[in-house]
Each structure stands twice: as structure tokens, then as C-alpha cells.
Amino acid sequence: MASGHLYALDFDGVFCDSCGESSLSALKAAKIRWPFLFGEVDSAMEEWIIDQMHILRPVVETGYENLLLVRLLVELKVPSVRKSSVAEGLSVETILENWLKLKPTIMSEWNEDKDSLIDLFGRVRDEWIENDLPSWIGANRFYPGVADALRFSSSEVYIVTTKQSRFAEALLRELAGINFPSERIYGLGTGPKVEVLKKLQAMPQHTGMIFHFVEDRLATLKNVIKEPELNEWNLYLVTWGYNTEKERNEALKISRIRLVDVPEFSKNLK
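Quick note on my numbering: the sequence shown kicks off at 3 and runs consecutively.
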């Protein structure tokens, strides 16, 4: 039986603040997907959109949702391009509170397809990386201290993310100088995080280990709690990343979840 600690770590919001990059990529992709939207969008409105995307980032579970948010923000500002029933009278705060209800409505009303949005978002990022890697890297940043925690970790570490694996791997290499093994990154397309955690705990080499899952999204941790198979996992919500004060306060009332700051995260990983 193996002993020791296994950490499954989210990427965006735990290691990487990718909000600048994902918002810019979403804006580029939205212009390709819906060119008719951008006739009345000037550079000042584009800056406003990017600012609002920083506020809305906590609702994003998978990258393609950034495109939907960009379009919704345009519809919110420009009534003449509205194709959704929800845009009138909508505010950024309302989107933040009601995204899970709004998303299926706009997907249906815009007649949009998740897989093709994912492909487009990935393609736009790939082209940006190929054409100008330094500016793509520069649009991301690592939270202070977290890369060192990974670099000096003696635990068994996996990255479990809804980001496409190749982007997480590139950022670890280029921003943090860490050549993280690609087979230890479970990215978009490897299944829901709860299924990845089940897979990790079922691996024979992990029998007898103590399991830890670190996230910045409260909703993801709540999904883990719903799965009796995952009762052995210790769950942590980081105090940085893409969560709100309201979510952190809610997490304090859930016995399975511990809030963790950067110093404690670094200490645990070592």
C-alpha cells in the first residue's frame, strides 16, 4: 500500500489568473463567431467589456462560456443586436447571480453549439500562441507563491482543470519554468472533475494515500460532496482566485470544506 498525500489541484483560479487572456481570447473569438454584433462596438466599449469580464469571471466553469458572456454584454449595451429575451434590463450583478439559469436560455435562443464554441475558443488561443507567444503568456499571471509550492512539493500532484491541457502545460513551462508531466494533467475532455477524482482514487498505486482536492469554485466542491464515493477526499476552497466573499462565507458553514490561504497551501503541498 502506498502512503503519503495525493493532491488534485485546479489550475485557473488556483495557480493561474488567466482572466486577462481568456477575456481577450473570447473577444477575438466572438468577433469571428458573430461579426454582425461588433458594428457598433468601439474600443471604449471593448475596454468596458474586458473590465466587466473580470467581475463575471467567478461564474465561468469552462472557457467557452467567456464567449457567451462577451456576447451578452454587447446585447446588454446595444439593443439593436439583441437576439435574447434576457438582455433587456439585465445588469452585470444579475448575470453574476443567475448565470446557471441564463446560460441555457441564451444558448437556445442564439442557437449555439457548445462543442463548436469550445473548438473556436481553442483555435483562437492556438493562433495567438503561434503568432505571438510572448503577448499570450503576458496576458496571464501566476498568483504569488503558488508556483513555488508546486515546484518544491514532495506530494503526489495532479492538475484537474476544465482548461485544455496543452494551455495549462504551456503556462506552467513558460510562466513558472515547471515542466509538469502531461500525463498528470486532466484537462478539458477528460470528463467531469468528480469522475477524474474517482479515477485517481481507484488507481492501484494510490491505495492507502490521503486525498486532497483544492479548488477556487465552491460549486465544484459541492458537486464532490454529493458523491458518496468521494467521501475520503479532503476539500479546500482557496481564499484567492475566482470566488466571491459570499461564497467564502458560505463555505465556512460547510463542514467538509476548509478555506486555505497561500502560506497554508504551500505548507500542505510540501
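No residue lacks a Cβ here, since even glycine has one placed at the ideal position from N, Cα and C.
Tell me the rounded alpha-carbon separation between residue i and residue j.
i	j	result
ALA32	ARG219	25 Å
ARG143	SER20	7 Å
GLU49	GLU234	45 Å
VAL162	GLY41	39 Å
ARG186	ARG125	23 Å
ARG59	GLY65	10 Å
ALA172	TRP101	30 Å
SER93	GLN54	10 Å
With the cut-off set at 9 Å, would you say residue i and residue j are in Cβ contact?
i	j	result
SER107	SER82	Correcting the residue identity first, residue 107 is Thr in this sequence and not Ser. Not in contact: THR107 and SER82 (Cβ atoms no closer than 9 Å).
GLU231	LYS200	yes
GLY193	LYS165	no
LEU152	PHE182	yes
GLU158	MET109	no
LEU98	VAL43	no
GLY15	GLY191	no
Name the DSSP bridge partner or partners of residue i?
i	result
ALA10	TYR160 and PHE215
PHE154	DSSP, once it has assigned bridges, lists no residue as partnering PHE154.
ASP19	ARG143
ARG260	TYR238
ILE187	ILE161
By the 10 Å Cβ neighbour count, where 16 or more other Cβ atoms means buried, how is residue i classified, buried or exposed?
i	result
GLU205	Going by the sequence as given, residue 205 is Met instead of Glu. When all chains shown are included, MET205 counts as exposed.
THR209	exposed
GLN207	exposed
LEU71	buried
LEU135	exposed
Quick one, which of the options has its alpha-carbon nearest residue i's?
i	options	result
ILE51	PRO37, LEU74 and GLY41	LEU74
ILE57	ASP263, ASP117, GLU95 and ARG260	GLU95
LEU271	TYR160, LEU70, GLU185 and GLY15	TYR160
GLY91	TRP101, TRP130 and LYS79	LYS79
ARG258	THR222, SER137 and TYR145	THR222
Could you check if residue i belongs to the surroundings of the ligand FAD, using beta carbon to heavy atom distance under 8 Å?
i	result
VAL43	In terms of ligand content, the structure shown is empty, and the ligand FAD therefore cannot be addressed.
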